[in-house]
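Presented below is the structure to which this report refers.
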Amino acid sequence: MTTYIFRRLLLLIPILWGVATITFFLARVAPGDPLSMLAGQRELSEERRAQLEKELGLDRPLIIQYADYMTDVIKGDLGYSFVYKQPVTSLILECFPRTLVLAVSAMVVAVIIGIAGGMVSALLPNTLYDRIAIFLSLLGISTPVFWLGQLLILLVAVNWRLLPPSGYGGLPFLILPAIALGTQSVALLARMTRATMLEVLGEEYLRTARAKGCTPVQVVFRHAFSNALIPIVTVVGLDFASYLSGSVLTETVFSWPGLGRFIVGAIANRDYAVISGAVIFCAFFFVLINLIVDILYAWLDPRIKYA
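Heads up, the sequence shown is in this note's numbering, so the first residue is 1273 and it goes up one at a time.
Structure (structure tokens):
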């Protein structure tokens, strides 16, 4: 296992290098001029434009800019934001905890409701509850996050006035974005749990457990659910990683000042260093969470061995 983890960590190097390279060049070939963004409504003279290009290092050949940027990344320096006038690393570390809080809250909602609903459907197959649960799961998977977020704001915040519509603060500000972000995971987890539990409940070893006198609760939770966890853990891990790196729509709809909304602002301002640094940061966490999920496989099922 130690060798496997070490190999996976080594794979981070080419992955992050590829992500950094692609992001660097895509940000610079995309339409838009960062100098015009800086100037706002003012017209830039040729002298002022040349001065700004020199200050930001944009007057050098692109390959030289790339080489300098990659050298800084290797040293752990993600660059300097010309919009916020701060190091990119400090800006990311300021926004990321808010996204982490939102992602964890959404995943808690998804795990509790999705797994519980899927287990009940598996224990009561082809009943009215099962059909309603399947319909709601399909509806949840098909519902766009931005539409659901706006619907929640309209009903819960505007019409019923139960919760604040947007912004950042305590628990009341967190509930609506967590529900909107976690809804698709609720639906996916419910379907995955139901399918996996139905498959496991038909296994021979569960009949043996019942014959030995195990209670229904012991059969379901100690034997069936523990053996159905691997695909469920896969969904939880991948969805959680996507929350950390892709909660852009939810944060934008609810004005949540997290990493996703921060990246949207950087793209609008053509803040090259922030765009590249944030994407590298998200890629690192995505790969790291995938590694943790693989390690959990071996912990949940000792039969799984990594060479």
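In this text, a Cβ means the ideal position worked out from N, Cα and C, and glycines have one as well.
Taking the alpha-carbon positions, what's the ALA1405 to LEU1460 distance? Position 133 of the sequence shown, counting from 1, holds the residue named residue 1405. Position 188 of the sequence shown, counting from 1, holds the residue named residue 1460. Straight-line Cα distance between these residues: approximately 11 Å.
Using C-beta distances below 6 Å, list every residue in its chain close to GLY1509, excluding the 5 sequence neighbours before and after it, in chain order. Taking the sequence shown and counting its residues from 1, one reaches residue 1509 at position 237. Excluding sequence neighbours, GLY1509 sits near ILE1561 and VAL1565.
Spatial distance of TYR1515 from GLU1318 (CA atoms): The count along the sequence shown starts at 1 and reaches residue 1515 at position 243. The count along the sequence shown starts at 1 and reaches residue 1318 at position 46. Straight-line Cα distance between these residues: approximately 43 Å.
So what does DSSP say about SER1353, is it helix, strand or coil? The count along the sequence shown starts at 1 and reaches residue 1353 at position 81. Strand at SER1353.
Under a Cβ-count criterion, where at least 16 other Cβ atoms within 10 Å of its own Cβ denotes burial, should TYR1544 be classed as buried or exposed? Taking the sequence shown and counting its residues from 1, one reaches residue 1544 at position 272. Taking all protein chains in view, the Cβ of TYR1544 is crowded by 16 or more other Cβ atoms within 10 Å, so the residue is classified as buried.
Considering Cα atoms alone, identify which of ARG1494, VAL1360, GLY1389 and THR1343 is closest to MET1464. Looking up residue 1464 in the sequence shown gives position 192. The residue with the shortest Cα to Cα distance from MET1464 is GLY1389.
Could you spell out the range, first to last residue, of the alpha helix (DSSP H) harbouring ALA1450? Within the sequence shown, numbered from 1, the residue matching residue 1450 stands at position 178. Run containing ALA1450: 1443–1473, per the alpha helix (DSSP H) assignment.
Secondary structure of PRO1503, DSSP reduced to three states: Mapped onto the sequence shown, residue 1503 falls at position 231. Here PRO1503 sits in helix by DSSP.
Alpha helix (DSSP H) segment containing TRP1432, residue limits: Locating residue 1432 in the sequence shown gives position 160, counting from the first residue. From DSSP, TRP1432 is part of no alpha helix (DSSP H); its letter is neither H nor E.
Simplified DSSP assignment, three categories, for PRO1359: For the purposes of this step, residue 1359 is taken as residue 87 along the sequence shown, with counting starting at 1. Strand at PRO1359.
Does the Cβ of ILE1387 have 16 or more other Cβ atoms within 10 Å, making it buried, or fewer, making it exposed? By one-based count along the sequence shown, residue 1387 stands at place 115. ILE1387 should be labelled buried.
Would you mind listing the alpha helix (DSSP H) stretches within the stretch 1355–1411 that are 4+ residues and don't spill past its ends, in chain order? 1360–1395
For TRP1528, does the count of other Cβ atoms within 10 angstroms reach 16, so buried, or fall short, so exposed? Against the sequence shown, residue 1528 aligns to sequence position 256. With 16 or more other Cβ atoms within 10 Å, it is buried.
Nearest to VAL1291 by alpha carbon, out of LEU1568, ILE1567 and PHE1553? The count along the sequence shown starts at 1 and reaches residue 1291 at position 19. Ranking the options by Cα distance to VAL1291, first place goes to PHE1553.
Decide if THR1275 is buried, meaning its Cβ has at least 16 other Cβ atoms within 10 Å, or exposed. Position 3 of the sequence shown, counted from the first residue, corresponds to residue 1275. Exposed, since its Cβ has fewer than 16 Cβ neighbours within 10 Å.
What's the C-alpha gap between ALA1302 and ALA1378? Counting from 1 along the sequence shown, the entry for residue 1302 is found at position 30. Counting from 1 along the sequence shown, the entry for residue 1378 is found at position 106. Distance between the alpha carbons of ALA1302 and ALA1378: 33 Å.
Own chain, CB closer than 8 Å to ASP1349, minus 5 neighbours either side, in chain order: In the sequence shown, counting from the first residue as 1, residue 1349 sits at position 77. By the criterion of a C-beta distance shorter than 8 Å, ASP1349 is surrounded in its chain by PRO1359 and THR1361, once the five residues flanking it on both sides are discounted.
Give me the residue from PRO1436, LEU1396 and ALA1540 with the minimum Cα distance to ARG1466. Sequence index remark: in the sequence shown, residue 1466 carries index 194 (1-based). The residue with the shortest Cα to Cα distance from ARG1466 is LEU1396.
Can you check whether the CB of GLY1532 is closer than 8 Å to the CB of GLY1518? The residue labelled residue 1518 in the question sits at position 246 within the sequence shown. The residue labelled residue 1532 in the question sits at position 260 within the sequence shown. Cβ distance < 8 Å, so GLY1518 and GLY1532 count as in contact.
With DSSP run on the structure shown, which of helix, strand or coil describes THR1415? Here residue 1415 corresponds to residue number 143 of the sequence shown, with the count starting at 1. Coil, per DSSP.
Taking only three categories from DSSP, how would you classify ARG1482? Locating residue 1482 in the sequence shown gives position 210, counting from the first residue. Note: ARG1482 maps to helix in three-state DSSP.
Buried or exposed: which applies to PRO1306, given that a residue is buried once 16 or more other Cβ atoms fall within 10 Å of its Cβ? Along the sequence shown, one-based indexing puts residue 1306 at 34. Buried: at least 16 other Cβ atoms inside 10 Å.
Considering GLU1523, what are the terminal residues of the alpha helix (DSSP H) in which it resides? Translated into positions along the sequence shown, residue 1523 becomes position 251. Unbroken alpha helix (DSSP H) run through GLU1523: 1520–1525.
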